[in-house]
Each structure stands twice: as structure tokens, then as C-alpha cells.
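Visitor: Protein chains in written order, with the working numbering: chain A, 5 to 633; chain B, 0 to 119.
Each residue gets a CB set at the ideal place from its N, CA and C atoms; glycine is no exception.
I have a structure here, written as C-alpha cells, and I will follow up with some questions on it.
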């Protein structure tokens with residue numbers, strides 16, 4: 005049978021089980037005496053083994069089998085987890101993962117498992133006690149006639165290739181019992197439970213049935229090669245062909261798995277539908293024909309529902325990415341000699357798959373920084389009156405149309421004074437500045453190569469990856485904020501739109517062009533020319549409910565010539581603690597836009613995140629709130 | 000009328016494969032269960048002609064599920080799906096009332112043979 009069609013399913017499910025193994029191993033490490041994790045581990049590895057064997061991946065099967073052996077011994081012996089055992093099991097899990105990944109892409113011969121197999125076997129032998137399990141004694145042929153008892157003697161030899169012969173032998177006995185009482189089973193039934201049972205056995209049956217009937221019944225148990233009943237020997241017919249597997253129409257199936265690319269394709273089509281809908285609405289508005297209006301409204305409603313459905317289908321809980329972090333934090337902490345309690349919150353929060361897929365690396369950078377540079381060594385923590393064990397929390401929460409993901413540590417925080425010097429020298433802040441705000445701090449940290457340029461001991465490496473993380477998050481239409489308190493810890497806050505594909509946006513006009521501004525970060529609009537303006541730190545600003553909102557004139561920013569209207573709208577953007585007022589010529593309404601990525605030509609202002617096609621077929625650029633703030 | 004089958008395995012992969020093998024041979028897969036307790040519940044509800052039962056499952060294992068199902072219906076036709084090296088468990092399952100077993104990795108012909116024996 006063609007197994008390739010199952011490869012993806014095998015991979016997806018194996019990954020799930022291996023991810024569960026990580027969680028279980030971590031759990032076991034925290035509670036070494038608990039019997040629960042080892043049971044779960046055994047089941048997970050066992051399942052992977054069964055699937056791999058079915059796929060014909062011999063090496064995966066082998067690694068899984070030996071891991072399972074060790075787990076079985078641990079499970080039966082109610083053995084508590086020791087550090088060495090856990091390390092070994094972590095390694096075995098990793099080898100298994102590697103073997104699975106390589107096997108699926110046809111690179112099975114690159115799997116090098118010799119070392120881990122030897123270690124697993126070594127550990128299993130040590131656990132089995134001195135001498136280990138008794139070696140299987142080369143058993144004498146057991147089919148010896150037992151003392152004479154009434155009834156027919158039946159001697160059976162099972163096919164040599166039959167698996168689990170003991171089980172088959174027991175089935176033979178069960179079938180035979182239908183004809184009459186069965187006695188003198190040799191070897192005894194307990195031998196059937198042993199893996200060494202070779203498939204030869206005999207018994208006596210008290211029955212009035214003919215020898216031929218006994219034979220028929222016994223053979224019905226399957227896998228019988230050779231059989232004598234009452235001294236009358238009969239040879240087995242050669243194993244026949246499989247019963248004709250009639251090609252019936254496919255049975256109904258309740259599950260379908262959809263290729264992600266299909267979902268993307270569907271999303272693109274719906275995007276085009278949304279664009280066409282916009283155009284239809286515009287035409288309907290021009291026609292003022294109630295019949296056309298009706299259809300337009302109906303199409304609007306249907307496409308909105310369709311869109312909601314497909315977006316829902318793309319939603320993926322964050323644990324799919326978060327679940328690999330506990331293991332990672334643990335390994336890193338061990339390596340660096342830190343003690344870290346890692347907590348994950350809001351695992352079930354959902355995000356568009358496309359966004360979630362991009363989050364792994366940025367989060368990895370932030371977590372690595374937290375362990376490496378945030379959390380102090382146990383001795384240092386003690387001397388500062390903190391618990392020796394540091395805490396790192398990765399949390400996701402839903403906030404309106406965005407998801408907020410934070411990475412917090414209770415470590416040493418960032419030494420602002422040192423960063424300030426650096427910031428002054430680099431001209432990031434005014435040379436007379438006396439303190440750095442969180443925003444300024446982030447801007448310094450996110451400068452590419454910040455930490456490697458010069459050693460700033462207490463924060464060395466702080467900048468590594470933050471520029472990368474920031475670029476990634478911004479490209480997704482999100483933002484990063486930082487909050488850090490010296491001696492208390494640091495928190496990075498990532499804000500992301502829930503979905504990338506279709507967003508609600510404000511359409512603003514500047515000169516002859518239209519621009520789209522995703523509503524995710526729009527907090528309100530006010531009117532310029534009505535609101536009093538002021539100047540703060542050399543920038544034009546308005547004061548809105550006691551808060552200063554610096555203004556950005558889009559017309560000037562984009563170099564549009566001509567005069568702005570005397571009264572025009574200000575779109576107030578809000579991202580975390582930052583605010584900014586964008587002055588545009590006019591507001592053209594709200595609409596759903598389909599986000600298309602675009603490759604900005606060299607020299608383009610970094611304020612566009614993509615493009616969209618408006619209802620009339622003319623493209624408009626999408627403004628990046630992060631870039632404008 | 001085709002025979003109805005309840006497929007019990009904690010791995011979707013295995014359920015899919017068994018369903019495919021049996022479906023292509025003309026059986027009707029009427030239900031799937033991921034745990035032993037689900038298997039028992041679905042057996043009572045669907046009364047299938049045949050059950051394929053994995054041995055190792057979370058919540059309630061396959062052998063306990065066989066015991067429960069046989070208690071409810073002594074004529075239940077249950078085919079165990081086992082892995083290599085589970086001799087003792089297979090023996091236990093048969094003592095509990097399973098009618099036959101197949102061993103992973105599955106060969107469709109062997110699965111169908113076993114099914115015929117059980118339904119025979």
C-alpha cells in the first residue's frame with residue numbers, strides 16, 4: 005500500500021507526541037516521585053513507535069523501542085526520576101525527534117543513533133539489576149506428549165513469521181474450547197506470555213467431534229502452520245493469497261486535514277471577493293436602485309460570514325509555538341548555572357497561523373536574553389535578598405483586535421545609566437538628557453549590533469536579537485515595548501494583530517492619494533485647527549485629556565506639494581504607552597482591506613507595511629502604525 | 000449490508016490507516032474513539048459489528064475497555080491492535096474477551112484476514 009499519503013499525518017502526530025514528551029519530562033523533573041509523567045511518556049513513545057513501524061521507518065522504530073523499554077522498566081519499578089535518567093530521556097527524545105524528521109524527508113540513512121541506543125540499553129540493563137533479566141534459555145521443544153489423558157492429542161506449530169505467537173496460541177485454545185474441555189496444555193499457558201515462546205504447543209481435547217472438525221476449528225484461529233490431531237498428521241496448505249479486498253467506494257470520513265496552502269489559497273480568493281464587494285457597494289451607491297442595493301447587502305453579509313469562517317479556520321492556539329519553550333528555558337538555565345521557574349499563561353489564546361509561525365524566533369531571542377542577561381546567578385540573587393530561583397513568565401492575552409504577548413523576568417533589569425552614556429555618544433538622545441525613558445531605552449537596545457559594538461558588561465548581549473525581533477514584529481503589523489526596572493526585572497511586550505490577511509482600516513486622503521490605516525492601533529480622531537496645538541521638545545503636539553500627543557503631518561512626511569485644508573482630521577494612534585497624531589487631508593471612511601505584502605523600493609520611507617487594492621481597482625498603500633509612532 | 004466498525008486508537012494516524020484499510024474493503028466505519036472510556040461509550044451507543052482496539056491508550060487502556068464492552072455484550076467482536084513485544088498484553092486481552100489481534104506494522108491483507116476470522 006502507498007504509505008506516502010500518510011507521511012504528513014505521521015509527522016504532525018509524532019511532533020505532537022514528542023512535544024508532549026518534553027512537557028512530561030519537565031513535569032517529572034519537578035516532581036521526581038510522581039508516577040504520572042512516566043506513564044504518559046511511555047504511551048507517547050509507544051504511539052510513535054507503532055506509527056513509525058507502520059511507515060516502515062526502522063530507525064525511528066528502533067530508537068522508540070529502546071526508549072520505551074527503559075520507560076517500561078522505570079514505570080514498573082515505580083522508579084523516581086534521577087538527574088542522569090532525565091538527561092538521558094531528554095536526549096532520547098531529541099534523537100527520536102531528529103530521526104522522525106529525517107525519515108519523513110527520506111534521509112533516514114543520516115540518522116546516527118548508535119550512541120543514544122547504547123546509553124538507553126546500558127541504563128535499562130543497570131535498572132534490571134545485577135545480571136539483568138535471565139537470558140532466554142534455549143528451550144527444549146515443548147511439544148512432548150503429556151501423560152495419557154482421555155481425548156484427542158492436538159499438536160500445533162504456528163507459522164514461524166507469525167507475530168506474538170503466545171497470543172495466537174491462546175486464540176487456538178479458545179477456539180478449541182468451543183468443541184470440548186481442553187487439558188494438558190504444554191507448555192503451560194503462562195509460557196504464552198513470554199516473548200521466547202516459539203509457537204509449538206500441544207493439548208488434549210475431550211470431544212466427540214471428528215478430527216477434521218477439530219482441525220478446521222483450530223485453523224480458524226489463524227497462523228497455524230502445522231497441525232496433527234489424534235495422531236493423524238495433516239500438512240498446511242501453502243499460505244493463500246489475501247482475501248480479495250474488494251475495491252468498495254471510500255467509506256465516509258468525518259475528519260479531513262487540510263493543507264495549509266489550500267487555506268492560504270482560499271484566503272486569497274476571499275480577499276478578491278472582499279475587493280469585488282467593495283466595488284459592488286460603490287456601484288450600488290451610485291445606482292440608487294433598491295433591487296441592486298438588496299443584492300449588494302446580501303453579498304456583503306455572505307462574504308463577511310465566509311470571511312469570518314475562513315479566518316476562524318486559520319486561527320491556531322499559541323501553545324503550538326509556546327510548548328517548545330519550557331524545555332528550551334530549562335536547558336539554557338542549566339547550561340548557564342541559573343535556577344529558573346518558567347511559567348506560561350494564556351496558552352489557548354488564538355492567532356492567525358501566519359503570524360504565529362513568525363513568532364517563534366523573536367520569542368526565542370527574548371527568552372534567551374531573559375535567562376542569560378535578566379536572571380542573575382543564584383548566589384547573586386541571594387545576596388540581593390531575592391529567591392535563588394528566578395522567574396520568567398511568557399503570557400498571552402487578547403486585547404480588542406490584538407493579542408499581547410509578554411516575556412517578563414524578575415532579574416536584574418537594565419542598567420540605564422550605562423545605556424544612557426552610550427545613547428548620548430551615539431546621538432540617540434539629547435546630550436543633556438538625564439534619564440532614559442522606556443521608549444528611548446528600547447530604541448538604543450534595538451540598534452543593530454548595539455551590544456557587540458562595545459562591551460557594556462552588565463547588559464552585554466542585551467541588544468542581540470532585539471533588533472531582529474523588532475523588525476519581525478513590525479513586519480507583522482505589531483509593536484514591541486519594554487519596561488525595565490533596575491534590580492526588579494524586565495518585561496518585553498509584543499502587540500500583534502489577530503489576523504494579517506484582512507483588516508479593518510481607516511481610509512485617509514492626502515493630496516490625490518488614498519492611504520489605509522489599520523484600525524488596530526487607531527484610538528480616536530480629532531480635528532486639527534479646532535484643537536489647540538503646542539510645542540513639546542521641539543515637536544508640534546496637541547494635548548488630549550492631559551496627555552501630550554505629538555503630531556505627524558502626513559502631507560509633509562510624504563512630500564506632497566500644495567496646501568492642506570485649514571481644518572483637517574487628526575488620527576490618533578496608540579500603541580502601548582506611545583501615542584501619535586497623524587494629520588491627513590480628509591477621512592474617506594472605514595473599510596475592510598486585504599493586505600498584500602509589497603517590496604518597498606529603495607529609499608521608501610519606512611512608514612508603509614503593505615498595499616491593498618481598493619474597491620475601484622486602484623491600489624493604496626497601507627500605513628504602518630509602528631513606523632509612524 | 001456492510002459490516003459496521005468502531006475504530007479505537009489514540010493516534011489519528013492509526014485510526015486513519017485502519018479506517019482506510021477497512022473502508023476500502025467495503026466496511027462502514029461508524030465511529031472512532033481515542034480512549035478506552037470513549038470506546039466503551041461509543042460501543043454502547045453504536046453497537047458496531049466489529050471493534051478494532053489499540054492496547055495502549057490514555058484514560059482507560061484497551062484491555063480494560065475490552066472487559067467493559069464484553070461485560071455489556073458478551074458477543075462483542077473485538078480485534079486488538081498491538082505492537083511487537085506486547086505478548087503478555089495480548090494474552091491478557093484475549094483472556095478478557097478479545098476475539099483476535101493484529102500486530103503493527105499493519106499489512107492490509109493481515110488486517111483483513113483477522114477481521115474475516117473475527118466476523119466469520
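Among all the DSSP beta bridges, which residues are the ones paired with residue 585 of chain A?
Guide: For residue 585 of chain A, which the question treats as bridged, DSSP gives the partners A/555 and A/576.
Visitor: Does the CB of residue 125 of chain B have a neighbour CB from chain A at under 7 Å?
Guide: Lying before the first or after the last residue shown, residue 125 of chain B is absent from chain B, which here runs from 0 to 119.
Visitor: Going along the chain, which residues of its own chain have a beta-carbon closer than 7 Å to the beta-carbon of residue 370 of chain A, five neighbours each way excluded?
Guide: Cβ neighbours of residue 370 of chain A beyond the five flanking positions: 411, 473 and 496.
Visitor: Distance, Cα to Cα, residue 512 of chain A vs residue 438 of chain A?
Guide: Cα to Cα, residue 512 of chain A sits roughly 39 Å from residue 438 of chain A.
Visitor: Answer yes if the segment 103-120 of chain A comes into contact with the segment 79-91 of chain A, meaning at least three C-beta pairs across the two stretches below 8 Å, and no otherwise.
Guide: The segment 79-91 of chain A, when compared against the segment 103-120 of chain A, does not touch it at the 8 Å Cβ threshold.
Visitor: If you draw a straight line from the alpha carbon of residue 588 of chain A to that of residue 528 of chain A, how long is it in whole angstroms?
Guide: Computed Cα separation, rounded: 14 Å.
Visitor: Please look up how many angstroms separate the CB atoms of residue 554 of chain A and residue 584 of chain A, rounded, as I've assumed it's under 8 Å.
Guide: Right, their Cβ atoms sit about 6 Å apart.
Visitor: Can you tell me whether residue 591 of chain A is helix, strand or coil according to DSSP?
Guide: Strand, per DSSP.
Visitor: Strictly below 8 Å CB to CB, what residues from chain B border residue 60 of chain A?
Guide: Neighbours of residue 60 of chain A on chain B, chain order: 104.
Visitor: Excluding the 5 residues preceding and the 5 following residue 272 of chain A in the sequence, name in chain order all residues of the same chain whose CB lies nearer than 8 Å to its CB.
Guide: Once the five neighbours on either side are set aside, residue 272 of chain A has no close Cβ partner at all.
Visitor: Is residue 246 of chain A close to chain B, meaning its C-beta is less than 7 Å from at least one C-beta of that chain?
Guide: At residue 246 of chain A the pLDDT is 38, less than 50, meaning the model places this residue with poor confidence and gives no usable figure here.
Visitor: Hey, would you say residue 110 of chain B sits closer than 7 Å to residue 20 of chain B, going by beta carbons?
Guide: Yes, the Cβ-Cβ distance between residue 110 of chain B and residue 20 of chain B is below 7 Å.
Visitor: Taking contact to mean 3 or more Cβ pairs, one atom from each stretch, closer than 8 Å, check whether the segment 532-547 of chain A and the segment 614-627 of chain A are in contact.
Guide: Segments in contact, no.
Visitor: Taking one C-beta from the segment 82-92 of chain B and one from the segment 28-44 of chain B each time, how about it: are there three or more such pairs within less than 8 Å?
Guide: Too few Cβ pairs lie closer than 8 Å, so no.
Visitor: How would you label residue 243 of chain A, buried or exposed, when you count the other beta carbons within 10 angstroms and need 16 or more for buried?
Guide: Reliability fails at residue 243 of chain A, whose pLDDT of 40 lies under 50, so the model's placement of it is uncertain and no value is given.
Visitor: Run the CB neighbour count on residue 581 of chain A, radius 10 Å, all protein chains shown included, and call it buried at 16 or more, exposed below.
Guide: When all chains shown are included, residue 581 of chain A counts as exposed.
Visitor: What does DSSP give as the partner residues of residue 207 of chain A in its beta bridges?
Guide: Paired residue(s): A/158.
Visitor: In the DSSP assignment, find the unbroken alpha helix (DSSP H) run with residue 181 of chain A in it and report its ends.
Guide: Where residue 181 of chain A is concerned, the enclosing alpha helix (DSSP H) stretches over 169-181.
Visitor: Specify the secondary structure class of residue 487 of chain A as computed by DSSP and reduced to three states.
Guide: If DSSP states are grouped into helix, strand and coil, residue 487 of chain A belongs with the strands.
Visitor: From the DSSP output, read off the bridge partner residues of residue 522 of chain A.
Guide: Residue 522 of chain A is bridged to A/509.
Visitor: What number of angstroms, rounded off, separates the C-alpha of residue 226 of chain A from the C-alpha of residue 25 of chain B?
Guide: Answer to the nearest angstrom: the Cα atoms are 22 Å apart.
Visitor: Using a Cβ-Cβ distance cut-off of 7 Å, determine whether residue 68 of chain A contacts chain B.
Guide: For residue 68 of chain A, the answer is no, since every Cβ of chain B falls outside 7 Å of its Cβ.
Visitor: Might you give, ordered along the chain, the residues of its own chain that have their beta carbon closer than 7 Å to the beta carbon of residue 7 of chain A, omitting 5 neighbours on each side?
Guide: Answer for residue 7 of chain A: 59 and 60, listed in chain order.
Visitor: Verify whether the separation of the beta carbon atoms of residue 515 of chain A and residue 499 of chain A is less than 7 Å.
Guide: No, these two residues do not count as a Cβ contact at 7 Å.
Visitor: Residue 690 of chain A CB to nearest chain B CB: under 7 Å?
Guide: Absent from the structure is residue 690 of chain A, since the part of chain A shown begins at 5 and ends at 633.
Visitor: For residue 543 of chain A, which residues in the same chain have their Cβ closer than 8 Å to its Cβ, ignoring the five residues on either side in sequence?
Guide: Counting only Cβ-Cβ distances below 8 Å, and skipping sequence neighbours, we find 554 and 555.
Visitor: Could you check what DSSP says for residue 31 of chain B in three-state terms: helix, strand or coil?
Guide: Looking at residue 31 of chain B - three-state DSSP - the assignment turns out to be strand.
Visitor: Per the DSSP calculation, residue 321 of chain A is bridged to which residue(s)?
Guide: A/354, per the DSSP bridge assignment.
Visitor: Can you give me the start and stop residues for the alpha helix (DSSP H) that residue 478 of chain A sits inside?
Guide: Its alpha helix (DSSP H) spans residues 470-479.
Visitor: What three-state label does DSSP hand residue 335 of chain A in the structure shown?
Guide: In this structure, residue 335 of chain A counts as helix in the three-state DSSP scheme.
Visitor: What residue from B/66, B/96 and B/62 has the CA that sits closest to residue 8 of chain B's CA?
Guide: Answer by Cα proximity: B/62.
Visitor: Kindly say whether residue 62 of chain B, judged by its beta-carbon, lies nearer than 7 Å to any beta-carbon of chain A.
Guide: False, the Cβ-Cβ gap to chain A never drops below 7 Å.
Visitor: According to the neighbour-count rule (16 or more other Cβ atoms, all chains shown, within 10 Å of its Cβ), is residue 551 of chain A buried or exposed?
Guide: The residue is exposed, with fewer than 16 neighbouring Cβ atoms inside 10 Å.
Visitor: Where residue 347 of chain A and residue 27 of chain A are concerned, what is the direct C-alpha to C-alpha distance, given to the nearest angstrom?
Guide: Those two C-alpha atoms are separated by around 12 Å.
Visitor: Excluding sequence positions up to five away, which residues of its chain have a Cβ less than 6 Å from the Cβ of residue 18 of chain A?
Guide: Closer than 6 Å at Cβ, skipping near neighbours: 52 and 104.
Visitor: Does DSSP classify residue 503 of chain A as helix, strand or coil?
Guide: Coil.
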